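Read the structure below first, then the notes.
There are 4 protein chains.
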Amino acid sequence: MGNTTLKKIGVLTSGGDAPGMNAAIRAVVRTAHYYKIECVGIRGGYTGLIEGNFTKMGPRSVSNIINLGGTILRSARSAEFRTPEGRKKAYEQCVAHNIDALVCIGGDGTFTGALKFSEEFGIKVLGVPGTIDNDIFGTDFTIGYDTALNTAIDAIDKIRDTATSHSRVFFVEVMGRDAGFIALNSGIATGALDILIPEQKDSLEQMFETFEKAQKRGKTSSIVIVAEGEQLASTYDLAKKTKEKFPDYDIRVSILGHIQRGGAPSCADRVLASRLGFGAVIGLMKGLTNVMAGIRSNDLVFTPIEDAITKHNEINQDLLQISEVLAM
Amino acid sequence: MGNTTLKKIGVLTSGGDAPGMNAAIRAVVRTAHYYKIECVGIRGGYTGLIEGNFTKMGPRSVSNIINLGGTILRSARSAEFRTPEGRKKAYEQCVAHNIDALVCIGGDGTFTGALKFSEEFGIKVLGVPGTIDNDIFGTDFTIGYDTALNTAIDAIDKIRDTATSHSRVFFVEVMGRDAGFIALNSGIATGALDILIPEQKDSLEQMFETFEKAQKRGKTSSIVIVAEGEQLASTYDLAKKTKEKFPDYDIRVSILGHIQRGGAPSCADRVLASRLGFGAVIGLMKGLTNVMAGIRSNDLVFTPIEDAITKHNEINQDLLQISEVLAM
Amino acid sequence: MGNTTLKKIGVLTSGGDAPGMNAAIRAVVRTAHYYKIECVGIRGGYTGLIEGNFTKMGPRSVSNIINLGGTILRSARSAEFRTPEGRKKAYEQCVAHNIDALVCIGGDGTFTGALKFSEEFGIKVLGVPGTIDNDIFGTDFTIGYDTALNTAIDAIDKIRDTATSHSRVFFVEVMGRDAGFIALNSGIATGALDILIPEQKDSLEQMFETFEKAQKRGKTSSIVIVAEGEQLASTYDLAKKTKEKFPDYDIRVSILGHIQRGGAPSCADRVLASRLGFGAVIGLMKGLTNVMAGIRSNDLVFTPIEDAITKHNEINQDLLQISEVLAM
Amino acid sequence: MGNTTLKKIGVLTSGGDAPGMNAAIRAVVRTAHYYKIECVGIRGGYTGLIEGNFTKMGPRSVSNIINLGGTILRSARSAEFRTPEGRKKAYEQCVAHNIDALVCIGGDGTFTGALKFSEEFGIKVLGVPGTIDNDIFGTDFTIGYDTALNTAIDAIDKIRDTATSHSRVFFVEVMGRDAGFIALNSGIATGALDILIPEQKDSLEQMFETFEKAQKRGKTSSIVIVAEGEQLASTYDLAKKTKEKFPDYDIRVSILGHIQRGGAPSCADRVLASRLGFGAVIGLMKGLTNVMAGIRSNDLVFTPIEDAITKHNEINQDLLQISEVLAM
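As they're listed, the protein sequences go chains A, B, C and D. Mapping the first sequence onto UniProt numbering, position 186 (from 1) lands on 186, and the numbers just tick up by one. Mapping the second sequence onto UniProt numbering, position 123 (from 1) lands on 123, and the numbers just tick up by one. Mapping the third sequence onto UniProt numbering, position 311 (from 1) lands on 311, and the numbers just tick up by one. Mapping the fourth sequence onto UniProt numbering, position 106 (from 1) lands on 106, and the numbers just tick up by one.
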């Protein structure tokens, strides 16, 4: 593969961290090295880009990180990068350090910034989708999503032990501010009685009806999974209203929270991150810019960042039906 | 070992469930079978005892449960058993079913009820300490405590991944309404900056000072472990007050909650539960009553239930010192 | 969805067990119930079919199994079912019990038997791919594969701890008699130095060269992943020959073995199994027979069993390249 | 606490690695720092001591290692240190680097070397028991043992899934060359049918009898745990002889191997390692030498290394009885 123009790239992680980001960094660094492209790590996301917080990276700088959660380059949300002045400074750092292109690992906030930056200053950018929410168009899965699912079901399985032992009803809130992917899949995987997600219009009446049916079938304990971004009510309010309706229920709430962001990445996430990190460098070598690397139907594809941040992966309708049929 | 008088025993789990309770039930049932004593399982704790919700148990009824969290006999807190009328009904059930003695697996609430019941009606009772809180006198460890610790540190390790990646401060609340054992040990095991437990008088000033020292040493992310029963303030209020003092900190709260009660028991908990369940039957065969089986310095010992519920295991002062010295 | 003809189905698991089989059984049973189709579980695979080892199953018979490894219906390889007499007896059992159709969960051995049985006796059969090896055509993933991958990398991560601490070379054998999917993916996910799979022609010279390059780069410990079905040599012989070539190496062998078949299924496997079990009943209701339910590009598809057992999923060439580029 | 004489200590890990060694290193380094004692890490065990492979360590050099398996200082077995010349070189390195005392983390091989070295050259040595085998006198538990137990039962639970599904008999070999602690405890914790350990005289007849009894009780699958150091026969031979005796059994062997040495340490191991690392420095400050730090009945104690390597913790007879009574 010829690479006449790309001399030096920067890699950064930005936004909420996700398990597998380190595997992606490793893949970017080692692929760059393999093709004799210099690589610098940018610490602390766009803030580090603005401040020139750079570190030269070689194959050994990413040894023994493929299995670590978090991101060795750290992450941050940068208010300054949202201003033209901030991006100008970032550009000057790129120039000063001879950086030709950036690999930006993160979610839609990360990509929005990258796109703007690239359009303004002509620095090539290539996005890698790293977010547990799986809410990025242009890839079947985002890095960290599979691990977050496994973390969630591991926690919900534990909660089910105690729910069953005490004949309790648990409302478990999982992450997903705009998307119900984690809720829907973890709910199916743990046999949740009901699953509430932002993509679907839910009503208390429907939920209460589901409870009543379950009661009639002799179910003595239940788990309801609620996506963080559920519109109907907060998880605590859902629990409160259910208690008002069914005063006999012994109801508890559990907010899984930040454990969903951490932990050793699953095999699928490590392989995905390795493929996308590799693909990002390949894409830049081919001269691509303003695109995101993704895997669709097991193939590496590149999607305009514009599409990645404006279009949406639809919730699979089959899954919604299955969640209803199987929860008894 | 001679057993001339004991013909039939009942076993129940009561109070908050704890991983390893199933292993204890299994040990009671199989030991009873081995010594040709009949055994009935009582479903739903003291409520089941009052209602005669009994099931005959043999060696095969407890196959493949040693590794399961929760309790196959279910648990509950029974208001009725706290009344003389409730206990009278329970006694009548014992008489009707020829039950000579009870093995009561649970915490201090469970033992308080058992003691009263035994004193009033002469039914022999033998307690087995099953609670994640480790707050029972007369045993080095309670069933479920070791598993809860491992669940807690697994979650805190995950939180640390994201704390480190984002330079955040996390307040993590672990279980322990009256006791700081989980907080202190999980805090040491995860390198927590500070650990707040009910056994120790804490102050905001001390905590803030600890933060300041850490900051000076260049620490950019920190975890503070708070026991549920901490007296100083609620975990959310601690976070709020810290934010007021240090407005620059990016502070998050995570309440680990009920995941700490579930999950496959650890090896130590399975062995402990097996020893205590075995020991409970042996104790009853020896004619003991109103005592609790425990393991102290690796030996099976029996402690009067009276002591088990009134005396307290002290927090190890060495551990408090170690937590300070090692957290930098 | 109309279902005028299907009255009663049987479900069985056969061949090597795989995590998620229980989730598939649950989905078959509950979907059948939802559509008012009777369902019997057949215990012990085709042997149970021949012997009429049947059990009526309803929604509650599959409660709390979605998270369990193994198969509650047990599995076996049946020599008798490979004979015309055996299949005749199986047919008579179906007739005697009014079974219209079978859902057969397993791998290619299972499907071969199902196809023959269906062709001979006209009993409808629908296959569900359950095998950790992922070597079935007609589905992107087989049930159990994702869990086996996670089990494998969890073990290899542990081995790497000790490999790194002692500067050792480990040859780790993973499952996959005919297919290198587990080896290739777990190898990439753990940063293996080399990966030997049956789909690729390997040579000792190449492997030794890889070792030499690694040594030059200063790598002091290495892991080589070997698929069970590797043609070059047995894992022990590979280790032996490597020792002869590099007498200074401290070389160990680890055969991961049967741990790869067990354990709580991953989220992906539970969801996959739920979709395929649901899909199997839907397929039978539509009148399909001699097909296998699969998921391709996130859609439910049906593939002739004939194709499922004769065609093969190809190893992704990108992955082979990535494994080389990233292993340094 | 006064410390007038101790200026600089070295810390090393030697022999087989064990989870929690990093937590012990961290505790040594931070406690030394707290008491203003300089600390150097010695890389690669006694080999590193001989070669002067030293690295200055401060509080930050041990950040984020408390949860990592393996040992960041690496380990090795050193033939040279067993010679007087080797130890002489090691002494010269200590003199050249002004090292007053050594903390030696490892098992009995490590301690034997330390004792000899100290006796010959007067360098103070303090041992910390780090080995998964738990075969060191003077402490209730060694660092790594609890984690190894949890790793073992996690693997055996998985094997049981497949054993049960296929009605198989599994011989599972766990670590323990001279001691049966891992075998006995993991066997009880997983409901093994039989447990073979070097401390007990076993016979094939007894084992076959156990199989026959189990068969009569209707048990269709079984697990036998064999300690690595079992004297009766190798695990493969035990399986072979059992097959000869019971040709109908479907028998498999699984050697758990090196996975037992790795992985994130359990909470108990991290706390134990923290206490012992802390205690080691305290001991040296008190002027102790040729002793090993241990925890007995929850108290820090120091035992002459001479005793630690010659005396033995006895297998608890209760556990042997319990393993028989509960395995049905």
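The beta carbon of each residue, even a glycine, is placed where N, CA and C say it ideally should be. A quick note: this is a predicted structure, and the numbers were derived from the prediction, not measured.
{"Asked": "Span separating the alpha-carbon of PHE141 of chain C from that of ALA114 of chain B", "Found": "54 Å"}
{"Asked": "Beta-carbon gap between SER221 of chain C and HIS166 of chain C smaller than 9 Å", "Found": "yes"}
{"Asked": "Neighbouring residues, chain B, relative to LEU256 of chain D (Cβ below 8 Å)", "Found": "Within 8 Å Cβ-Cβ: nothing; LEU256 of chain D doesn't reach chain B, min ~13 Å."}
{"Asked": "Min CB distance ARG177 of chain C to chain D below 9 Å", "Found": "no"}
{"Asked": "Boundaries of the alpha helix (DSSP H) in which ALA148 of chain A is found, first to last residue", "Found": "145-166"}
{"Asked": "is_contact[ASN134 of chain A, chain C] using C-beta, thresh 9 Å", "Found": "no"}
{"Asked": "Near-chain A residues of the segment 187-204 of chain C - C-beta to any C-beta below 8 Å", "Found": "ILE188, ALA189, THR190 and GLY191"}
{"Asked": "CB contact check: SER167 of chain C to chain D, cutoff 9 Å", "Found": "yes"}
{"Asked": "Minimum Cβ-Cβ distance from LEU184 of chain A to chain B less than 9 Å", "Found": "no"}
{"Asked": "Pairwise C-alpha distance: ASN298 of chain A and LYS8 of chain A", "Found": "29 Å"}
{"Asked": "Simplified DSSP assignment, three categories, for MET1 of chain D", "Found": "Residue placement at MET1 of chain D cannot be trusted, given a pLDDT of 48 that sits under 50; what the coordinates show is reported in the next sentence. The answer is coil: DSSP assigns MET1 of chain D none of H, G, I, E or B."}
{"Asked": "Nearest-angstrom Cα separation, counted from ASN134 of chain B out to HIS312 of chain B", "Found": "10 Å"}
{"Asked": "Own chain residues within Cβ distance below 6 Å of GLY2 of chain A, not counting five before or after", "Found": "Here the model assigns GLY2 of chain A a pLDDT of 49, short of 50, so the residue's position is not dependable and the matter cannot be decided."}
{"Asked": "Closer than 9 Å to chain B by CB, MET1 of chain A", "Found": "At MET1 of chain A the pLDDT is 47, less than 50, meaning the model places this residue with poor confidence and gives no usable figure here."}
{"Asked": "Completely contained beta strand (DSSP E) runs for the segment 166-213 of chain B, where each covers 3 or more residues", "Found": "169-174 and 194-196"}
{"Asked": "Cβ-based burial, ASN22 of chain B [other Cβ within 10 Å; buried from 16]", "Found": "buried"}
{"Asked": "Given ALA96 of chain D as reference, the closest of D:LEU193, D:GLY52 and D:GLY106 once Cα atoms are compared", "Found": "D:GLY52"}
{"Asked": "SER254 of chain C, DSSP secondary structure in three states", "Found": "strand"}
{"Asked": "Whether LEU68 of chain A touches ALA152 of chain A by CB criterion (9 Å)", "Found": "no"}
{"Asked": "Contact belief for LYS116 of chain A with ALA101 of chain A at Cβ below 8 Å, rounded distance in angstroms", "Found": "The Cβ separation is near 16 Å, so there is no contact."}
{"Asked": "Rounded separation between VAL172 of chain C and THR110 of chain A - CA only", "Found": "39 Å"}
{"Asked": "Coil, strand or helix - VAL11 of chain B by DSSP", "Found": "strand"}
{"Asked": "Proximity winner among D:VAL11, D:GLY10, D:GLY16 and D:ARG217, relative to ARG177 of chain D (alpha-carbon distances)", "Found": "D:GLY16"}
{"Asked": "GLU80 of chain B versus B:PHE246, B:THR112 and B:TYR46, residue with shortest Cα-Cα distance", "Found": "B:TYR46"}
{"Asked": "Assigned secondary structure, GLU38 of chain C (DSSP; H/G/I helix, E/B strand, else coil)", "Found": "strand"}
{"Asked": "Any C-beta of chain D under 9 Å from that of LYS116 of chain C", "Found": "no"}
{"Asked": "C-alpha distance - ILE105 of chain A paired with ALA327 of chain A, whole-angstrom precision", "Found": "37 Å"}
{"Asked": "Endpoints, the beta strand (DSSP E) within which SER222 of chain A is located", "Found": "222-227"}
{"Asked": "Buried versus exposed, by CB contacts within 10 Å (16 or more), GLY287 of chain B", "Found": "exposed"}
{"Asked": "Rounded separation between LEU319 of chain C and PHE137 of chain D - CA only", "Found": "50 Å"}
{"Asked": "Contact set for ALA27 of chain C: own chain, Cβ-Cβ below 6 Å, skip 5 residues either direction", "Found": "SER274, GLY277 and PHE278"}
{"Asked": "Beta-carbon gap between GLY263 of chain C and LYS158 of chain D smaller than 9 Å", "Found": "yes"}
{"Asked": "Close Cβ partners of ILE305 of chain C (< 7 Å) along its chain, the five nearest in sequence each way excluded", "Found": "PHE111, ALA114, LEU115, GLY127, ASN290, VAL291 and MET292"}
{"Asked": "From D:GLN206, D:GLY44 and D:VAL62, residue whose alpha carbon lies closest to that of ALA24 of chain D", "Found": "D:VAL62"}
{"Asked": "Bridge partners - ALA239 of chain C, DSSP secondary structure assignment", "Found": "None, per the DSSP bridge assignment."}
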